[in-house]
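A short write-up of the structure that comes next.
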Amino acid sequence: MIRRFILLSVLTFLIAGLGCTRRSSEPRLVVEIPPGFTGSFVMEMGGREASPLQKDGEAYVVAVPRTGKVTTSTILVRPKVEFKNASDGSIWGFSQSVFTTGDGISVGGKIEFFVGTRKDYEAEENKKNHSGRSSAERRYEISPV
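The opening position of the sequence shown corresponds to residue 274 in the working numbering, with each subsequent residue numbered one higher.
What follows is the structure, encoded as structure tokens:
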């Protein structure tokens, strides 16, 4: 009887210990925003020819370039996103999406947001809504000769 009690106590302790040390299945993503950056940011994930995201310990790290666009081969499903160097109220319209095959295999995705004031964000959204395309897409439009 005492042996059974000790065995049950040890098993309970081990199970409780494993439950407390289990890591979150959500990957961490640290987005580093450079000083003075304003505008739209988009990270396209799953690019075949692109480099993987860098890691710092357990967290993936991406530095926002001046172009506001990053393409990576890494695909993050529901990452826990942390913004570095962002002031309160400077991140707007955050969205993340993952593209999957019919059987649920992740093949790509996007993380998008805007850095700046609410007024600038709303102006950018109005540009998108009036044209059906973002300003970045219009910038690279080629006119026929």
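Ideal placement from N, C-alpha and C gives every residue a C-beta, glycine not left out.
Quick caveat: nothing in here was measured; it's all calculated off a predicted structure.
- As computed with DSSP, residue 364 is found in a beta bridge with 388.
- Restricting attention to 364, 363 and 348, the CA atom closest to the CA of residue 370 is found in 348.
- Going by beta carbons, residue 313 and residue 341 fall inside the 7 Å limit.
- The beta carbon of residue 316 lies closer than 7 Å to those of 335, 343, 345, 383 and 384 in the same chain, with the five residues before and after it left out.
- Distance from the CA of residue 308 to the CA of residue 368, rounded to the nearest whole angstrom, comes to 22 Å.
- Each residue's CA atom was taken as its position, placing residue 302 and residue 403 some 32 Å apart.
- Excluding its 5 nearest sequence neighbours in each direction, residue 325 has C-beta neighbours in its own chain below 7 Å: 345, 346 and 347, listed in chain order.
- Within the same chain, and ignoring the five residues on either side of residue 391 in sequence, the residues whose Cβ sits closer than 8 Å to its Cβ are 362 and 365.
- If you ignore the 5 residues before and after residue 321, its C-beta comes within less than 8 Å of the C-beta of 346, all in its own chain and listed in chain order.
- In the structure shown, residue 329 falls within a strand segment according to DSSP collapsed to helix, strand and coil.
- The three-state secondary structure of residue 299, taken from DSSP, is coil.
- Residue burial is scored here from C-beta neighbours: residue 372 has fewer than 16 other C-beta atoms within 10 angstroms and is therefore classed as exposed.
- Within 10 angstroms of the beta-carbon of residue 338 lie fewer than 16 other beta-carbons, which makes it exposed.
- Residue 304 has 335 and 356 as its beta-bridge partners, per DSSP.
- Rounded to whole angstroms, residue 396 and residue 311 show a C-alpha spacing of 13 Å.
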